Every structure is written in structure tokens, then in C-alpha cells.
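**Student:**
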Amino acid sequence: MKDGVPGDMKEESEREKEAWLSAEELFVAHAAYIASFLRRLGMPASEVDDLVQDVFLIAHTKGGFTPGEARPRSWLSAIAVRLVQNKRRSFARNREEANELAMEFAATSDKTPGERLELQRSLERVQAALDSMDVEHRATFILYELENESCQTISELLQVPVGTVYSRLHKARQRFLAAYENSDDSPSAGLAALALFMGGSL
Amino acid sequence: MSALPRLLEDPAVSEKLRADLRRTQLHAVAPFDTAAGLERLRAGMKSGGGPVTPPGGGTVPGASWKLFAALGVAGVVGWMLLSGSSESRTQIGTARPGAQTPNAPLKTKLEVEKRTSDSSPKGAPPEGRPSVGVSSSPGSADVEPITAVVPLSAAPPVVERNSDTDLRARDSSERDTNDPLADEISHLGSLRELHQTDPAAAVISAREGHKMFAQGVLFEEREALLILSLSEVGQSAEALRRADAFRARFPRSAFLSKMQQLIPTSKQPPPATP
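Chains as they are written, first to last, in our numbering: chain A, 1 to 202; chain B, 1 to 274.
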């Protein structure tokens, strides 16, 4: 594994980078990911199908993916981010919706019920922490931390200066870590809840 | 700036968080009906504007911004009637390299010419089209000036269009006009055609597009066409300035190779010393 990415994923992404891809090829390969990415950005399930169509129509209008530094799905993710920004939506999502989203992601896994539950909790914690951020910080965090794109590439994808990317990433990490530590599942949050139940501090 | 270690690789981050992030990375995709979505996309591509060739080549047949053109024609005719121009010559900015120089007097009159369908470019709709596009608000004072003038004898004729037919055709074949994305995509398709047939009109149309779709997603494509059109009509200084800004903003754009051929950078490399 390199850069936190399994070896076979890295090889495939390198191959993908080299080829020009039409909108249809992009759709077959990445529509499911883009739908999930849009959900992670805070878009409700009822709007995702239409947004996915818009992302790939834009990709089609741009003439498909031209090989470059970014991977195709990062390039598509940047289009998705722009669309979501234009919607100027509030991204508030309650914990129940975050849990439902985590269940969807965990549903694809071939695991025992116990393992699936553990996986779901992992995904819930991360998604709840992501939900603490606005779309710009959330997208920067996802592209850097989870998609392993460089800050230079993110700068080009999102069309913002590199300094802005670093600034957003720094703030995104602070917010993510703070939200993660305060999540209901964390040990410290559990102790705080217990103290409240007992009517005082431990 | 040095590369930041990712949270997944940072030993200072708790193993629990790193494990959660790893799982999130590996389970990034929820169930999705790709087949149904693909069918829908194909239908959308057919109705929205047809195939698009890779950047740097080819034309975009199909979608034309007919309503925009129809409004433009109406605006031009109305402007002419109101202005009472004394000019007797039809002036169109269709300058090609070698035609009028950038120092030609600025003109603000835009007129529709007649053009036979035979001279239409390959892939264009069967009917002719107006050779210019103008602001959709005819009374606006923001009409872009044309900076090159071509004598009437050199300007190709244009077949008059029936705006009612165009609107009906648009209603039946194009996406909902309340969809700004569809409008922007359609505008870009028309702009590509204009760039090939009438670069001066493409300059105007591109600038209008930037105003109308300020929050849009196709700025890069529109700006590239604007720059290339400016170069073709002889507005070299502005083309050069915009090209430099474009290169800085989109260093890996697919349009750069074509731009390099037509527009040199403002920062020329120092001559090689023997």
C-alpha cells in the first residue's frame, strides 16, 4: 500500500489517467461513486439522481475526461462540487440521516452482521464529522484525505489558489477532528452522557 | 509548501480514527442503478445537444441557441429602425487573418446578413442562421463593439430564419428553458458553431455568456472560445492578455495547445546566447 491507497487501486488509477474517456465511459465507471460523493457533500437522496445526470452532462459538454494529473473521478467530483455550490443549499443533516447514509455504504459489504455493524459505526462517525463542515471544506477534505489528490491538483480542480486549499484543509481538519472527538460514539462523549444521567460530574 | 501528511499516515492520529478513515476509503460507494442512469444520460445527451468531439477539434452539431439568436435578430432590427443609421454598408465583424487590422474604427451596429444554406458549415442545422448574436435585451446599452469591419462584398449572405419555427423547434427538441445548466450547455454549443462561422459574433456571444452564467460551470470552455475568437478577429492585445490569465488559471487545460499555436505568451523566453 502506498500513500494510504491499496496497490491495485493505485495501479488502476494510473491507467485511468492515461486514457481519454467519453461521458458514457465515465458514467459506467464512476456514476455510483459520484452519487455517493454527492451524498457525502450533504445532498439529499431525492436530488442525487438529477445531480448525477447534470455532472455527466457537463462532462459530456466538456468533451469527456482529458488525461491530466487528476484522476477521472476527482475531475468529476470537482464538477459535482461546483454544482452543489451553485445550489447554495444548507447542508444541515440530522444524525438519523447520517446513520441511514452509513447503512447504505455498509450495505455493499460482504461481512457478517457483527462486522457490518462495526463498519456502519465507523462510517457514521466519519460522516457525522464531515457533516460539521460546509461544502468547500468538506470537498477539500475528501479530495485530499480520502482521494489522495495533491493540494496542487485540488487547486486546479476547484479553481482556487493553492494557498486557499491549504487554508481550507487546515480548517477542515480542525473541524473534522473536533467533531469526531465529540461524536456520540467517542469515549469522552460517552462519559459526558453518563455524567449527565447521573445528575452530576464523575 | 511542503506536502501535509495525510491523517491516514499520521502516527499522531488515533488508530481508531485511522481505521475509520480507511474503512470510509474502501467503502466509498453506495448501491446505485448504473444501467438506468446510463439510459437516462443517453437520452439527455440526445435531446440536449448531440455528440461533442474532444477538445481541440471538430464541431458541435445539433444544439443551437435558437431563442437567443431569434431575440438577437429582433433586437438588431429594432435597433436599426430606431437609430436611423445613415450608413449604407452592411458591416459584419467576420475578419479573418489578413483582413482588417485591429486599428479599424469601433462599430456598434450589428446587422443580419443573408447567407445561403450551401455555405453553412458541415454539421450545422439545415436552415441558415444570423451571422451575429447580440444581447438578449435589445434595449441594453451593453452592446459589445465589433472591432473589425469587412466590406459587404466579402461577407457571406445569410438565409433569414423564421423565429416562430425556431422557438417551436427548440421547445420540442431541447431541455426546459428554466434549467440554467441546460441553457449554459446549449449556449456553449451555439458558441462553438459561431466560433467556426463568425468569430466576431462569437466574441459577443461569449461575453454575454460570461455575464449570464456567472455562476455557471463552463467558464473554461467559454473563455477559451472567446480568446480564440478574439485572436481570429484581430483583437490581439486582449487575446494575449486573456490567454496569459487563462494559462495561469487552467495550466492543464486541453485548450492550451490550440491557444499556443495562435497566441504566443507575453513572456517570451530570452534569446539563446551563442
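Backbone N, C-alpha and C define an ideal beta-carbon position, used for all residues, glycine too. Please read these numbers as outputs of a predicted model, since none were measured by experiment.
Note down, in chain order, each residue of its chain lying with its Cβ closer than 6 Å to the Cβ of Ala-243 (chain B), except the 5 sequence neighbours on either side.
**Tutor:** Taking the second sequence and counting its residues from 1, the one referred to as residue 243 (chain B) is at position 243. Ile-227, Met-259, Ile-263.
**Student:** So, are the CB atoms of Leu-119 (chain A) and Arg-23 (chain B) less than 9 Å apart?
**Tutor:** Against the first sequence, residue 119 (chain A) aligns to sequence position 119. Against the second sequence, residue 23 (chain B) aligns to sequence position 23. Yes, the pair counts as a contact, with Cβ atoms nearer than the cut-off.
**Student:** For Leu-119 (chain A), list the residues DSSP reports as bridge partners.
**Tutor:** Along the first sequence, read from residue 1 onward, the residue named residue 119 (chain A) stands at position 119. DSSP lists no partner for Leu-119 (chain A).
**Student:** Does any residue of chain A have a CB that is nearer than 9 Å to the CB of Gly-189 (chain B)?
**Tutor:** Translated into positions along the second sequence, residue 189 (chain B) becomes position 189. It does; some Cβ of chain A falls within 9 Å.
**Student:** Does the Cβ-Cβ distance between Leu-146 (chain A) and Leu-76 (chain A) come in under 9 Å?
**Tutor:** Start at 1 with the first residue of the first sequence, and residue 146 (chain A) comes out as number 146. Start at 1 with the first residue of the first sequence, and residue 76 (chain A) comes out as number 76. No, the pair does not count as a contact, with Cβ atoms beyond the cut-off.
**Student:** Chain B partners of His-137 (chain A), CB-CB under 7 Å?
**Tutor:** Along the first sequence, one-based indexing puts residue 137 (chain A) at 137. Per Cβ cutoff of 7 Å: no residues; His-137 (chain A) is ~14 Å from chain B at best.
**Student:** May I ask you to list, following chain order, the residues of the region 22-33 of chain B that have a beta carbon less than 7 Å from some beta carbon of chain A?
**Tutor:** Cβ contacts with chain A: Arg-23, Thr-24, Gln-25, His-27, Ala-28, Val-29, Ala-30, Pro-31, Phe-32.
**Student:** Is there a C-beta anywhere in chain B that falls below 9 Å from the one on Ser-74 (chain A)?
**Tutor:** Looking up residue 74 (chain A) in the first sequence gives position 74. Not closer than 9 Å to any Cβ of chain B, the Cβ of Ser-74 (chain A) fails to qualify, so no.
**Student:** Just curious, the alpha helix (DSSP H) that Lys-62 (chain A) is in, first and last residue?
**Tutor:** Taking the first sequence and counting its residues from 1, one reaches residue 62 (chain A) at position 62. Here Lys-62 (chain A) belongs to no alpha helix (DSSP H), and DSSP marks it neither H nor E.
**Student:** Are the Cβ atoms of Gly-216 (chain B) and Pro-180 (chain B) separated by less than 9 Å?
**Tutor:** Walking along the second sequence from the start, residue 216 (chain B) turns up at place 216. Walking along the second sequence from the start, residue 180 (chain B) turns up at place 180. A contact, by the Cβ cut-off of 9 Å.
**Student:** Do Ala-70 (chain A) and Glu-149 (chain A) have their beta-carbon atoms positioned less than 9 Å apart in this structure?
**Tutor:** Along the first sequence, read from residue 1 onward, the residue named residue 149 (chain A) stands at position 149. Along the first sequence, read from residue 1 onward, the residue named residue 70 (chain A) stands at position 70. Going by C-beta atoms, Glu-149 (chain A) is nearer than 9 Å to Ala-70 (chain A).
**Student:** Tell me the DSSP secondary structure of Leu-4 (chain B) in three-state form.
**Tutor:** In the second sequence, residue 4 (chain B) corresponds to position 4, counting from 1. Coil at Leu-4 (chain B), not helix or strand.
**Student:** If you measure beta-carbon to beta-carbon, which residues of the region 219-252 of chain B are closer than 9 Å to chain A?
**Tutor:** So the list reads Phe-219, Glu-220, Glu-221, Arg-249, Phe-250, Pro-251, Arg-252, given in the order they occur along the chain.
**Student:** Against chain B, with Cβ distances strictly below 9 Å, would Asn-86 (chain A) count as a contact?
**Tutor:** Here residue 86 (chain A) refers to the residue found at position 86 of the first sequence. Interface residue, yes.
**Student:** If we define contact as Cβ-Cβ less than 9 Å, is Val-182 (chain A) a contact residue for chain B?
**Tutor:** Numbered from 1 along the first sequence, position 182 holds the residue referred to as residue 182 (chain A). Rather than Val, the amino acid found at residue 182 (chain A) in this sequence is Asn. No - not a single Cβ of chain B is within 9 Å of the one on Asn-182 (chain A).
**Student:** According to a CB-to-CB cut-off of less than 8 Å, which residues of the region 41-62 of chain A neighbour chain B?
**Tutor:** Hits within the stretch, in order: Asp-49, Val-52, Gln-53, Asp-54, Phe-56, Leu-57, Ile-58, His-60, Thr-61, Lys-62.
**Student:** So what's Leu-218 (chain B) in DSSP terms, helix, strand or just coil?
**Tutor:** Here residue 218 (chain B) corresponds to residue number 218 of the second sequence, with the count starting at 1. Leu-218 (chain B) falls in the coil class under three-state DSSP.
**Student:** Determine, for Ile-154 (chain A), whether the minimum Cβ-Cβ distance to residues of chain B falls below 9 Å.
**Tutor:** Counted from its first residue, the first sequence places residue 154 (chain A) at position 154. So, not an interface residue.
**Student:** Are there three or more Cβ pairs, one per stretch, closer than 8 Å when the region 97-117 of chain A is compared with the region 153-172 of chain A?
**Tutor:** As far as the Cβ criterion goes, the region 97-117 of chain A does not touch the region 153-172 of chain A, which means the pair count is below three.
**Student:** Does the Cβ-Cβ distance between Leu-38 (chain A) and Leu-21 (chain A) come in under 9 Å?
**Tutor:** In the first sequence, residue 38 (chain A) corresponds to position 38, counting from 1. In the first sequence, residue 21 (chain A) corresponds to position 21, counting from 1. Not closer than 9 Å, so no.
**Student:** Any beta carbon of chain A sitting closer than 9 Å to that of Arg-207 (chain B)?
**Tutor:** Sequence index remark: in the second sequence, residue 207 (chain B) carries index 207 (1-based). Chain A, which has no Cβ nearer than 9 Å to the Cβ of Arg-207 (chain B), makes this no.
**Student:** Quick one: is the Cβ of Gln-215 (chain B) within less than 8 Å of any heavy atom of the ligand PLP?
**Tutor:** Looking at this structure, you won't find the ligand PLP or any other ligand, since it has none at all.
**Student:** Mind listing, in chain order, the continuous alpha helix (DSSP H) runs of no fewer than 4 residues lying wholly within the region 191-240 of chain B?
**Tutor:** As far as the region 191-240 of chain B is concerned, its whole alpha helix (DSSP H) runs of at least 4 residues are 199-212, 219-232.
**Student:** Does the Cβ-Cβ distance between Leu-41 (chain B) and Ala-23 (chain A) come in under 9 Å?
**Tutor:** Walking along the second sequence from the start, residue 41 (chain B) turns up at place 41. Walking along the first sequence from the start, residue 23 (chain A) turns up at place 23. Yes, Cβ-Cβ distance for Leu-41 (chain B) and Ala-23 (chain A) is below 9 Å.
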